[in-house]
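Quick notes on the structure that follows.
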Amino acid sequence: MTSTSSLLPAAVKSLGITAGLLALLFQYLMGLLHIQAIEMKHMDPTDIVLVPLELDRLTVYVSVVSAASWVLAMTNGETFLSLLLHWISAACAFFAIAIVCGASPTEHLYHTALACLYISSLAILLTTTNNGSSTAISGVSWWESRLALPLLPTKKANDESAMLQFHSHLLATCQTHATLFVTIPFQILRLYDWGSQIQRWPLPITLGSTYGFVLGTIGGWMGILALQCSPGLRNGYASWTSTTIRSTTVDDHKRLD
Numbered sequence: 293m294t295s296t297s298s299l300l301p302a303a304v305k306s307l308g309i310t311a312g313l314l315a316l317l318f319q320y321l322m323g324l325l326h327i328q329a330i331e332m333k334h335m336d337p338t339d340i341v342l343v344p345l346e347l348d349r350l351t352v353y354v355s356v357v358s359a360a361s362w363v364l365a366m367t368n369g370e371t372f373l374s375l376l377l378h379w380i381s382a383a384c385a386f387f388a389i390a391i392v393c394g395a396s397p398t399e400h401l402y403h404t405a406l407a408c409l410y411i412s413s414l415a416i417l418l419t420t421t422n423n424g425s426s427t428a429i430s431g432v433s434w435w436e437s438r439l440a441l442p443l444l445p446t447k448k449a450n451d452e453s454a455m456l457q458f459h460s461h462l463l464a465t466c467q468t469h470a471t472l473f474v475t476i477p478f479q480i481l482r483l484y485d486w487g488s489q490i491q492r493w494p495l496p497i498t499l500g501s502t503y504g505f506v507l508g509t510i511g512g513w514m515g516i517l518a519l520q521c522s523p524g525l526r527n528g529y530a531s532w533t534s535t536t537i538r539s540t541t542v543d544d545h546k547r548l549d
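Each residue of the sequence shown is one higher than the last, beginning at 293 in this note's numbering.
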């Protein structure tokens, strides 16, 4: 089992990146929204929701976060072309999801595209940055390392390297899932005319994905520490994931037959 002290550098790095992301969000966007809320106080709530965020400010914010994410991901030893392919394909998928969840397919498309590149930077690039080379996990594809819950190493393979890979996989999965699942309700709530500044497009995506990423990081590390400190919880997790994957594999074989 990995010692708790050996997890400290990775925890400090990922939590530091998360804190920096939150600081940039509140410093660059939320302060502006507070000022504009006062300026728009006389407007109808429906009209406020229809006013998009300033494009130049959104462009700068997304560019800074994306550039920093790329630099951090590349210093982590990932292949540029592989990351670029996953980054763009994820952004296209998020764009389609945004349209399904209520984004206009004809208006403010540049805002939507920037927001999708932003959420892709969080879900693809920063999960790589925070968790080490998760693509090196044996027998696990790149997408599985972000979407599927990992199996605990067996007793024979329960060395420090295998456990670090498991922690990397688990944290990346928590971050990706939380980023997506928190963003969707934020976007759906935009349909209500409350006149809130955070309903202006595309703030539901940028705020929802940021808060989701933060929650995923905190939840991921809490899960890692819980599994690290509780043998009973660790055994229960190992039993549950192995049973789930085994039943899924059996079902796949039945469909093939």
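By construction, the Cβ of each residue, glycine as well, lies at the ideal position given by its N, Cα and C atoms. Small disclaimer: the values here were computed from a predicted structure and weren't measured.
Give me, in chain order, the residues of the same chain whose beta-carbon lies closer than 8 Å to that of residue i; leave out the 5 immediate sequence neighbours on both sides.
i: Leu314; result: Thr502, Val506
i: His469; result: Leu439, Gly508
Candidates the options: which alpha carbon is nearest residue i's?
i: Cys384; options: Cys408, Trp532, Gly308, Thr475; result: Cys408
i: Gln467; options: Arg438, Ile490, Gln457; result: Arg438
i: Ser355; options: Gly528, Ala329, Ala405, Ser396; result: Ala405
i: Ala390; options: Trp379, Phe372, Ile411; result: Ile411
i: Phe473; options: Gly504, His459, Phe458; result: Gly504
i: Met514; options: Gly524, Arg349, Gly528, Leu462; result: Leu462
i: Leu456; options: Leu342, Asp485, Gln520, Thr498; result: Gln520
i: Leu316; options: Met335, Val352, His334, Leu347; result: Val352
i: Ala303; options: Thr367, His459, Pro496; result: His459
Let's see if you can read the secondary structure: which residues bound the alpha helix (DSSP H) around residue i?
i: Gln491; result: No alpha helix (DSSP H) holds Gln491; DSSP gives it neither H nor E.
i: Ile309; result: 300–317
i: Leu377; result: 372–392
i: His403; result: 401–412
i: His459; result: 452–481
i: Met366; result: 347–366
i: Pro445; result: Premise fails: Pro445 is in no alpha helix (DSSP H) and is neither H nor E.
Are the Cβ atoms of residue i and residue j separated by less than 8 Å?
i: Gly487; j: Pro301; result: no
i: Thr471; j: Gly508; result: yes
i: Leu377; j: Ile516; result: no
i: Glu370; j: Thr420; result: yes
i: Ser374; j: Ser413; result: no
i: Leu307; j: Gly394; result: no
i: Ala365; j: Ala415; result: no
Between residue i and the rest of its own chain, which residues show a CB-CB distance below 6 Å, the 5 nearest in sequence each way excluded?
i: Trp493; result: Pro344, His400, His403
i: Thr533; result: Leu441, Leu443
i: Lys305; result: none
i: Ile340; result: Met332, Gly487
i: Leu350; result: Leu406
Throw me the rounded Cβ distance for the residue i and residue j pair, which I believe falls under 8 Å.
i: Phe478; j: Gly500; result: 3 Å
i: Leu418; j: Ile309; result: 7 Å
Kindly list the residues whose CB is nearer than 7 Å to the CB of residue i, restricted to its own chain and excluding five residues on each side of it in sequence; keep chain order.
i: Gln489; result: Leu325, Gln328, Ala329
i: Ile480; result: Cys393, Gly394
i: Phe387; result: Thr404, Ala405, Cys408
i: Ala518; result: Leu525
i: Pro445; result: Ala454, Met455, Phe458
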